[in-house]
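Visitor: Sequences listed follow chains A and B, in order.
Numbering-wise (our numbering), the first sequence opens with residue 1 and increments by one.
Numbering-wise (our numbering), the second sequence opens with residue 226 and increments by one.
All residues carry an ideal CB built from backbone N, CA and C; glycine is no exception.
None of the values given here were measured: they were computed from a predicted structure.
Number of protein chains: 2
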Amino acid sequence: MSADPISRRDVSDATVARLPEYLRTLSRLAERGVSCVSSAELASAVGVRSAQLRKDLSRLGSYGVRGVGYEVETLAVEISRVLGLTRDWPVAVVGMGNLGHALASYPGFATKGFRVVALFDDDPGLVGEQVGGVVIRPFAELPARVRSDRIAIGVIATPAAAAQAVGEALAAAGVRSILNFAPASIAVPAAVDVRRVDLSTELQILAFHAQRRTYAAPLSGAVAR
Amino acid sequence: MSADPISRRDVSDATVARLPEYLRTLSRLAERGVSCVSSAELASAVGVRSAQLRKDLSRLGSYGVRGVGYEVETLAVEISRVLGLTRDWPVAVVGMGNLGHALASYPGFATKGFRVVALFDDDPGLVGEQVGGVVIRPFAELPARVRSDRIAIGVIATPAAAAQAVGEALAAAGVRSILNFAPASIAVPAAVDVRRVDLSTELQILAFHAQRRTYAAPLSGAVAR
DNA sequence: AGACGTTTGTGAAGCGATGCACAAAGTGGC
DNA sequence: GCCACTTTGTGCATCGCTTCACAAACGTCT
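(1) Are the CB atoms of residue 149/A and residue 113/A within a distance shorter than 8 Å?
(2) I believe residue 331/B touches residue 119/A by the beta-carbon criterion, under 8 Å. Please report the beta-carbon distance rounded to the nearest angstrom.
(3) Return no unless some Cβ of chain B is closer than 8 Å to the Cβ of residue 189/A.
(4) I need the DSSP call for residue 119/A, collapsed to helix, strand or coil.
(5) Along the chain, where does the alpha helix (DSSP H) that runs through residue 80/A open and close?
(6) Taking CB distances under 8 Å as the criterion, tell me whether residue 324/B reaches chain A.
(7) Buried or exposed: where does residue 429/B fall if 16 or more other Cβ atoms within 10 Å of its Cβ makes it buried?
(8) Hey, is residue 10/A's beta-carbon within less than 8 Å of any beta-carbon in chain B?
(9) Would you check if the region 163 to 182 of chain A and the region 421 to 438 of chain B touch, i.e. whether three or more CB-CB distances between them fall below 8 Å?
(10) So which residues of chain B does residue 121/A contact, with C-beta pairs closer than 8 Å?
(11) Leaving out the 5 sequence neighbours to the left and right, which residues in its chain are closer than 8 Å to residue 359/B when beta-carbon positions are compared?
(12) On the premise that residue 160/A lies in contact with residue 183/A, defined as a C-beta separation below 8 Å, what is that separation, rounded to the nearest angstrom?
(13) Do the region 411 to 421 of chain B and the region 52 to 69 of chain A touch if we need at least three Cβ pairs shorter than 8 Å?
(14) Under 8 Å between C-beta atoms, does residue 174/B make it to chain A?
(15) In chain order, what residues of the same chain lie with their CB nearer than 7 Å to the CB of residue 479/B, ignoring the 5 residues before and after it?
(16) According to DSSP, is residue 422/B part of a helix, a strand, or is it coil?
(17) Is it buried or exposed for residue 245/B, if we count other Cβ within 10 angstroms and need 16 for buried?
(18) With 16 as the cutoff for other CB atoms within 10 Å, does residue 410/B come out buried or exposed?
(19) Considering only the alpha carbon of each residue, which of 387/B, 320/B, 238/B, 316/B lies closest to residue 378/B?
(20) Closest to residue 163/A by C-alpha separation, out of 187/A, 142/A, 172/A, would be which residue?
(21) List the residues of chain A whose Cβ lies closer than 9 Å to the Cβ of residue 299/B, in chain order.
(22) So within the region 356 to 400 of chain B, which uninterrupted beta strand (DSSP E) runs reach at least 3 residues, ignoring any that extend past its ends?
(23) Taking residue 337/B as the query, report the chain A residues whose CB atoms sit under 7 Å from its CB, ordered along the chain.
(24) Go ahead and pull the three-state DSSP assignment for residue 271/B.
(25) Could you name the residues of the region 10 to 40 of chain A whose beta carbon sits closer than 9 Å to any beta carbon of chain B, in the order they occur along the chain?
(26) Does the beta-carbon distance from residue 271/B to residue 247/B come in below 8 Å?
(27) Using the three-state DSSP reduction, which class does residue 290/B fall into: helix, strand or coil?
(28) How close, in whole Å, do the beta carbons of residue 406/B and residue 390/B come, if the pair is a contact with beta carbons under 8 Å?
(29) Would you say residue 209/B reaches chain A, if we count a Cβ-Cβ gap shorter than 8 Å as a contact?
(30) Would you decide whether residue 415/B is buried or exposed? Buried here means 16 or more other CB atoms lie within 10 Å of its CB.
(31) CA-CA distance, residue 285/B and residue 304/B?
(32) Express the C-alpha separation of residue 82/A and residue 43/A in angstroms, rounding to a whole number.
(33) Taking Cβ positions only, does residue 408/B come closer than 8 Å to chain A?
(34) Can you check DSSP and say which residues form a bridge with residue 37/A?
(35) Cα separation between residue 242/B and residue 311/B?
(36) For chain A, check one thing: does any of its Cβ atoms lie closer than 8 Å to the Cβ of residue 277/B?
See below:
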């Protein structure tokens with residue numbers, strides 16, 4: 001009864017998106033031997049306002065001490081608990097091209113409870129190969145592996161054309177969380193949570209700002225086409 | 226004077242983030258031979274409300290025809306222009322491990338005016354290797370290459386420990402736009418625009434929602450550890 | 001040419017997130 | 001034990017984005 005898990009329900013998406021950043025900064029502080037930190041210090045290390053940090057953390061409960069600050073270790077554990085990192089998350093990667101290889105051996109995937117336990121591709125030249133100690137298997141084995149390995153998260157790293165079919169197969173197999181790296185949006189049942197990471201989109205946003213800078217700078221120069 | 230480039234100034238970040246999605250959907254429609262589309266059709270294809278789509282597009286100017294809709298080709302060209310995709314964007318990738326290799330040969334990088342023209346790594350085992358027709362060079366050559374190739378965008382694909390140094394080197398060399406894939410935030414001068422893509426953060430957000438689902442489902446089951 | 005149906009562009013309302021400012025709560029010194 | 005100082009937690013104002021709703025504009029049909 002001391003820590004009420006139900007109270008996590010009203011944590012907004014904006015707050016959740018910042019929690020991983022807080023957690024990484026706290027880990028860095030812990031490595032440096034810091035055991036206690038104020039909201040002002042932590043906020044400036046992360047790059048947010050201190051008021052926002054305190055408001056975010058207050059959603060998780062009262063883990064700070066007035067006049068002192070937050071205990072680094074305690075706060076890190078609490079954020080981990082809220083994010084669900086204290087349990088095990090078996091992950092499957094579908095599509096073992098360059099990107100799939102990179103994701104399967106990405107250090108960030110191995111930590112925090114995420115375990116890449118299954119790799120899939122239909123290219124006969126790739127099936128059987130080992131990446132990070134896991135064997136690449138044909139895509140048809142997906143449903144069986146999802147059941148046997150209790151796979152909770154699917155990562156799509158296929159070309160755009162295959163993304164929709166893979167997403168449907170993952171959803172049909174019971175995977176409710178999908179991280180989609182393919183340059184295409186996919187339609188899935190409402191019960192499935194999809195997050196898309198598109199490298200091309202990020203570049204285009206950068207290009208927009210870069211272009212705006214070059215237009216803004218030379219006030220006297222001829223701008224027209 | 227017909228198309229005023231200054232009017233692009235008041236396009237909000239939220240709108241800019243959606244423009245690439247609109248553009249990709251328009252390209253798909255054009256491939257299918259669709260030449261005209263209403264805001265309702267386009268919006269549902271993208272997955273946003275039609276009012277939002279219209280408001281976004283109205284920021285770029287009046288490119289729709291009342292009673293008819295938007296001409297696919299014209300709208301695509303205009304969005305491309307606003308995003309700055311009609312010019313050439315030389316890109317450098319720093320850190321040619323698994324992720325760097327994947328990014329350098331990513332199809333989405335090659336299209337839309339982005340050209341990977343330089344690859345850097347300090348591992349002697351990688352220097353000299355060709356990826357997509359571009360030779361990997363030692364990191365020390367970065368400043369010279371930025372000048373000679375007019376590199377505008379830098380992609381950081383190094384381990385976390387190297388990210389800060391690479392970011393500083395890019396900024397010092399004159400690169401004003403950085404896409405950071407390393408699992409670490411970097412501090413750069415205010416004139417430099419950094420976007421961070423963190424695979425671990427995305428997974429953690431997925432895990433949060435997945436955990437919330439499992440807590441919400443078994444109302445009668447004992448939750449307390 | 002005029003009336004009708006359709007779709008855009010946009011003012012206004014609604015809503016959620018951010019930032020401010022301060023009371024509440026704790027520590028340490030005397 | 002009381003006082004001064006520090007820092008959290010939070011009500012409240014503000015800001016920006018999203019959504020609604022409708023008038024203006026366009027094509028079409030007669």
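Guide: This is what the structure gives:
(1) No.
(2) Wrong, their Cβ atoms sit about 19 Å apart, outside the cutoff.
(3) With 8 Å as the cut-off, residue 189/A does not count as an interface residue toward chain B.
(4) Per DSSP, reduced to three states, the secondary structure at residue 119/A is strand.
(5) From DSSP, the alpha helix (DSSP H) with residue 80/A extends over 72 to 83.
(6) For residue 324/B, the closest Cβ of chain A is nearer than 8 Å.
(7) Counting every other CB atom within 10 Å of its CB across the protein chains shown gives residue 429/B a total of 16 or more, marking it as buried.
(8) It does not: the Cβ of residue 10/A has no partner Cβ on chain B nearer than 8 Å.
(9) Result yes; three or more Cβ-Cβ pairs closer than 8 Å.
(10) Here the premise fails: no neighbours, minimum Cβ distance about 14 Å.
(11) Here the set comprises 329, 341, 342, 343, 344.
(12) 5 Å between Cβ atoms; contact.
(13) Result no; under three Cβ-Cβ pairs closer than 8 Å.
(14) No statement about residue 174/B is possible, as the shown extent of chain B runs from 226 to 450 and does not include it.
(15) With chain B covering 226 to 450 only, the question about residue 479/B has no answer from this structure.
(16) The answer is coil: DSSP assigns residue 422/B none of H, G, I, E or B.
(17) Sixteen is the threshold: when 16 or more other Cβ atoms of the shown chains lie within 10 Å of the Cβ of residue 245/B, as they do, the residue is buried.
(18) In this structure residue 410/B is buried. Its beta-carbon is surrounded by 16 or more other beta-carbon atoms within 10 angstroms.
(19) When each option's Cα is compared against that of residue 378/B, the closest is 316/B.
(20) The candidate whose alpha carbon is nearest that of residue 163/A is 187/A.
(21) The contacting residues do not exist; residue 299/B stays about 17 Å from chain A at best.
(22) With a minimum length of 3 residues, the continuous beta strand (DSSP E) runs that stay inside the region 356 to 400 of chain B are 359 to 362, 378 to 381.
(23) Listed by position along chain A, the residues whose Cβ is nearer than 7 Å to that of residue 337/B are 200, 204.
(24) DSSP, read as helix, strand or coil, puts residue 271/B in helix.
(25) Taking 9 Å as the Cβ-Cβ cut-off against chain B, the residues of the region 10 to 40 of chain A that qualify are 11, 13, 16, 17, 19, 20, 21, 23, 24, 25, 28.
(26) Against a cut-off of 8 Å, the Cβ pair of residue 247/B and residue 271/B comes out as a contact.
(27) Of the three classes helix, strand and coil, the one that applies to residue 290/B here is strand, per DSSP.
(28) Beta-carbon to beta-carbon, residue 406/B and residue 390/B are separated by about 15 Å, too far to satisfy the 8 Å threshold.
(29) Since the first and last residues shown for chain B are 226 and 450, residue 209/B lies out of range.
(30) Exposed, by the Cβ-count rule.
(31) One C-alpha to the other measures close to 8 Å.
(32) Straight-line Cα distance between these residues: approximately 19 Å.
(33) Yes, residue 408/B lies at the interface with chain A (some Cβ there is under 8 Å from its Cβ).
(34) By DSSP's assignment, residue 37/A forms a beta bridge with 70/A.
(35) For residue 242/B and residue 311/B, the distance between alpha carbons rounds to 18 Å.
(36) Residue contact with chain A for residue 277/B: absent (no Cβ-Cβ distance below 8 Å to any residue of chain A).
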